[in-house]
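Asks: Structure below; questions to follow.
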Amino acid sequence: MMIRLMFCIIGLVLPCLTTTFGLSGQTGIERNALKDTVFHHPLDLPIALAGTFGELRSNHFHAGIDFRTQGTVGHKIHAAEAGYVSRVRMSPSGYGKALYITHPNGYTTIYGHLERFYPEVATWVKQIQYQRECFQVDLYPDSSLFPVKRGQIIAFSGNTGSSSGPHLHFELHDTQTGDIINPLLFGFGVADKMAPVLQKIAIFPIGDSSTVNGSHEKLVLPVVKKGSNYQIQGNPKLHIQGEVAFGIEAFDRVSDTEKKCGIYTLRLYINNALCFSQSMNRFAFAESRYINSLIDYEYYMKHKIRLNRMYLEPNNRLNIYDTHDNRGIVSFIDTSRHQVSVVAGDLHGNRSRLEFSFRYIPAKKPEEDIPVWLKIPVFQQNRYGNIVYRYNGIKVSIPADALYDKTDFEITSSKGLRSFYSDVFHVHNFYTPLHTPLTIEIAADSLPLRLREKALIVQAGEKGKISAIGGKFVNGTVTASSLTFGNFAIGVDTVPPRIVPVNIKNGSNMRGQQNIRIKITDNLSGIATCNGWIDGHWVLFEYDAKRSLLFYDFDNTRLMKNTKHSLLLKVTDAKGNETQYEATFI
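The C-terminal residue of the sequence shown carries number 589 in the working numbering, and the numbering is unbroken.
What follows is the structure, encoded as structure tokens:
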């Protein structure tokens with residue numbers, strides 16, 4: 004069974020921004036940055052980057068630059084400028100241990116994935132963690148508490164949080180607005196003589212009457228380097244009918260590394276006239292998820308290749324665009340051959356250019372195939388309130404501005420696994436991105452009373468993998484929010500987390516050990532809390548989520564040596580299932 008509706012959004016009126024190329028979103032601060040501001044390098048190591056600002060990541064742009072630390076941890080980190088410690092975060096994921104310093108020059112610098120803070124801050128943080136009996140904290144010390152000098156040692160590099168290897172993540176923020184700024188605008192001594200690499204060009208038909216070489220589907224073609232420029236492989240003949248737009252797969256390389264980094268600027272010229280350009284100078288945190296509109300999300304989900312659209316979808320409000328005449332969508336009034344140039348650049352003046360041509364064929368007038376009575380209510384609902392779909396035991400609420408462009412919306416259902424307590428509802432598809440979460444409510448008619456507290460919404464992936472979305476039982480339904488479309492059903496989690504000691508067992512002699520290490524995992528809803536007590540007193544177990552590892556560093560101020568101690572560890576998941584582990588040790 005299925006329902007199908009046309010879901011449309013109102014086309015936003017987006018101004019055509021024409022500025023000096025490369026200064027998108029900049030204030031006077033950045034325009035004079037290179038000549039007026041020189042930051043102290045945060046590391047004593049030779050300068051080498053593992054990541055650049057604005058790289059295209061899953062659901063977000065990379066918000067800083069990553070300095071290599073030679074594959075090791077514990078390197079001294081220096082304050083980039085005088086100021087004060089304004090924020091300290093301790094988290095099992097994300098930036099892990101992170102330090103924020105606010106400077107009088109209008110900027111705030113962030114240092115992420117740290118191994119440890121300098122002693123004064125480390126002692127203060129630990130005191131608060133013990134007061135709250137919680138590892139994860141987000142603290143905002145008074146500006147007078149931890150003043151720092153330019154070049155002062157403030158921390159040591161690490162591999163905490165969601166880091167995939169030892170490095171320093173460094174960010175630069177506009178203190179007043181909170182916007183994230185490209186640190187390489189200030190140099191930091193990074194040398195680069197390598198131009199961006201172009202790999203694929205995409206041509207998108209826009210509208211039902213548009214085609215590329217007779218097809219309504221986008222055409223993606225590989226490009227190859229020819230001399231100093233690029234061209235489409237094989238120089239195919241291209242015929243375009245109606246309105247079209249373009250996309251590019253490109254990346255940059257910084258000298259001395261094979262890492263694929265993000266490009267800084269992108270320009271599109273049609274017949275030598277600039278019709279689209281973007282620059283990675285700054286963006287707001289709230290804009291980062293618009294990456295799913297900047298790229299062709301469907302193509303990425305199917306091929307794991309990110310095509311950078313050189314046009315704006317109607318609900319793309321990302322503020323990195325310098326020029327976007329007609330949102331970057333191209334139309335013509337003549338049938339002559341037209342020339343296209345795509346230029347990708349980095350901050351060091353290196354450029355790569357792709358050139359090709361096509362012949363234009365006038366488009367036929369599209370046929371009206373959607374009833375007016377269906378169009379109007381959908382437009383009005385999306386502009387002024389939520390869209391709500393009800394179908395065969397499921398209710399889906401999509402908030403206004405959750406989608407970037409119009410789409411055919413579809414719900415179907417099928418029988419689920421024996422472990423499910425509902426049908427599986429196929430809500431649209433995996434290939435359409437959401438900017439804000441939708442709400443799912445599934446009728447829980449088959450859910451036993453004893454399992455209501457353990458119920459949640461699960462998603463069945465394309466390859467059959469079951470993952471937890473979350474949620475709870477409310478008024479006869481199980482309700483949850485999701486940032487993706489997909490296949491949803493009611494599941495239950497009655498299995499407690501698993502605790503596996505790494506270097507301790509009952510009666511262990513821990514002399515010579517620096518800490519206690521324990522692995523914790525959960526089968527579905529995820530780890531919610533983990534707490535340890537030694538001799539009845541709460542102790543600070545740090546949680547490294549990426550390694551599923553808990554560890555307690557022995558603290559001689561709280562624990563007597565050469566003494567028998569008792570350990571109690573409790574770990575719960577998001578559905579309240581709990582596992583305990585007990586042991587004695589010396």
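Glycine included, every Cβ here is placed at the ideal spot set by N, Cα and C. On a predicted model such as this, the values are computed, not experimentally measured, just so you know.
Leaving out five residues before and five after Thr111 in sequence, what residues of the same chain have Cβ atoms less than 7 Å from its Cβ?
Replies: Taken in chain order, the residues that qualify are Ser89, Tyr103, Ile104, Thr105, His176 and Thr178.
Asks: If you pair each beta-carbon of the stretch 147-156 with each one of the stretch 128-136, do three or more pairs fall below 8 Å?
Replies: In short, these stretches do not touch, since the Cβ pair count stays below three.
Asks: For my contact list, Asp426 and Ala492 are in at a C-beta cut-off of 8 Å; report their separation, rounded to the angstrom.
Replies: Rounded, the Cβ-Cβ distance is 7 Å, consistent with contact.
Asks: Taking all protein chains shown into account, do 16 or more other C-beta atoms lie within 10 angstroms of the C-beta of Gln583, making it buried, or fewer, making it exposed?
Replies: By the neighbour-count rule (16 or more Cβ atoms within 10 Å), Gln583 is not buried but exposed.
Asks: Hey, which unbroken runs of the alpha helix (DSSP H) at 4 residues or more fall wholly within the stretch 249-332?
Replies: Counting only runs of 4 or more, we get 294-297 and 300-306.
Asks: Return the bridge partner residues of Glu545 from the DSSP annotation.
Replies: Partner(s): Phe554.
Asks: What does the alpha-carbon distance come out to for the pair Val257 and Glu58?
Replies: Cα to Cα, the separation comes out at about 13 Å.
Asks: For Pro380, collect the residues of the same chain with a Cβ closer than 6 Å to its Cβ; drop the 5 residues on either side in sequence, then sort them by chain order.
Replies: Its pLDDT being 32, under 50, Pro380 is placed unreliably in this model, and the coordinates cannot settle the point.
Asks: Are three or more beta carbon pairs between the stretch 185-205 and the stretch 221-238 nearer than 8 Å?
Replies: Counting Cβ pairs under 8 Å, three or more are found: they touch.
Asks: Report the start-end ranges of each beta strand (DSSP E) in the stretch 441-475 that is 3 residues or longer and not cut off at the edges.
Replies: Taking only runs of at least 3 residues, the beta strand (DSSP E) segments lying wholly in the stretch 441-475 are 458-463 and 469-473.
Asks: Where do the N-terminal and C-terminal ends of the alpha helix (DSSP H) with Pro122 fall, by residue?
Replies: Its alpha helix (DSSP H) spans residues Pro122 to Arg135.
Asks: Going by DSSP, name the residue or residues bridged to Asn518.
Replies: Asp556.
Asks: Does the Cβ of Ile336 have 16 or more other Cβ atoms within 10 Å, making it buried, or fewer, making it exposed?
Replies: Classification for Ile336: exposed.
Asks: Specify whether the stretch 49-58 and the stretch 263-272 touch according to this definition: at least 3 beta carbon pairs, one from each stretch, less than 8 Å apart.
Replies: Touching, yes.
Asks: From which residue to which residue does the beta strand (DSSP E) around Tyr434 run?
Replies: Neither: Tyr434 is in no beta strand (DSSP E) and is coded neither H nor E.
Asks: For the beta strand (DSSP E) containing Pro208, list its first residue and its last residue.
Replies: Element bounds for Pro208: Val200 to Val215.
Asks: By the three-class DSSP mapping on this structure, what secondary structure does Ala36 have?
Replies: The predicted position of Ala36 is uncertain, since its pLDDT is 46 and thus under 50; a value taken from the coordinates is nonetheless stated next. Here Ala36 sits in helix by DSSP.
Asks: Check the DSSP bridge columns for Gln583 and list the partner residues they point to.
Replies: Per DSSP, Lys573.
Asks: Three-state secondary structure (DSSP) at Ile589?
Replies: Here Ile589 sits in coil by DSSP.
Asks: Report all residues from its chain with a CB closer than 8 Å to the CB of Ile589; omit the five preceding and five following residues, and keep chain order.
Replies: Contacts found: Ser511, Asn512, Met513, Arg514, Asn565, Thr566, Lys567 and His568.
Asks: Tell me the DSSP secondary structure of Phe189 in three-state form.
Replies: Correct three-state label for Phe189: helix.
Asks: Under the DSSP definition of a beta bridge, which residues are partnered with Gly494?
Replies: DSSP, once it has assigned bridges, lists Leu459 as partnering Gly494.
Asks: In terms of residue numbering, what span does the beta strand (DSSP E) encompassing Val505 cover?
Replies: Run containing Val505: none; DSSP gives neither H nor E here.
Asks: Quick check on Phe24: does DSSP put it in helix, strand or coil?
Replies: Because Phe24 carries a pLDDT of 32, less than 50, the predicted location of this residue cannot be relied on, and the following value inherits that uncertainty. Correct three-state label for Phe24: coil.
Asks: So which of Asn108, Glu444, Ala125 and His78 has the shortest CA-CA distance to Gly86?
Replies: Of Asn108, Glu444, Ala125 and His78, the residue nearest in Cα terms is Asn108.
Asks: For Ser165 and Lys100, what's the separation of their Cα atoms in angstroms?
Replies: Distance between the alpha carbons of Ser165 and Lys100 is about 10 Å.
Asks: Any chance the stretch 294-310 sits against the stretch 336-346, with 3 or more Cβ pairs inside 8 Å?
Replies: Output reads no: the stretch 336-346 does not touch the stretch 294-310.
Asks: Should Gln130 go down as buried or exposed, given a rule of 16 or more other Cβ atoms within 10 Å for buried?
Replies: Looking at its Cβ environment, which holds fewer than 16 other Cβ atoms inside 10 Å, Gln130 is exposed.
Asks: Count the other C-beta atoms from every protein chain shown that fall within 10 angstroms of the C-beta of Phe423, then say buried if there are 16 or more, exposed otherwise.
Replies: Burial call: buried.
Asks: Quick one: grab the DSSP three-state call for Lys612.
Replies: In the structure as shown, the chain begins at 4 and stops at 589. Residue 612 is therefore absent and cannot be evaluated.
Asks: Pull the bridge partners of Pro225 from the DSSP assignment, please.
Replies: DSSP lists Lys203 as partners of Pro225.
Asks: In angstroms with no decimal places, state the Cα-to-Cα distance between Leu562 and Asp538.
Replies: Going from the Cα of Leu562 to the Cα of Asp538 covers about 9 Å.
Asks: Among residues of its own chain, excluding the 5 on either side of Arg292, which ones have a beta-carbon nearer than 8 Å to its beta-carbon?
Replies: The residues are Asn62, His63 and His438.
Asks: Would a C-beta distance cut-off of 8 Å place Phe433 and Ile397 closer than the cut-off?
Replies: Cβ atoms of Phe433 and Ile397: not closer than 8 Å.
Asks: Helix, strand or coil: which one does DSSP assign to Thr439?
Replies: In the structure shown, Thr439 sits in a strand (DSSP, three-state: E or B).
Asks: So Ile251 packs on Asn311, CB below 8 Å; how close in whole Å?
Replies: Going by Cβ atoms, the distance from Ile251 to Asn311 rounds to 5 Å, so yes, they are a contact pair.
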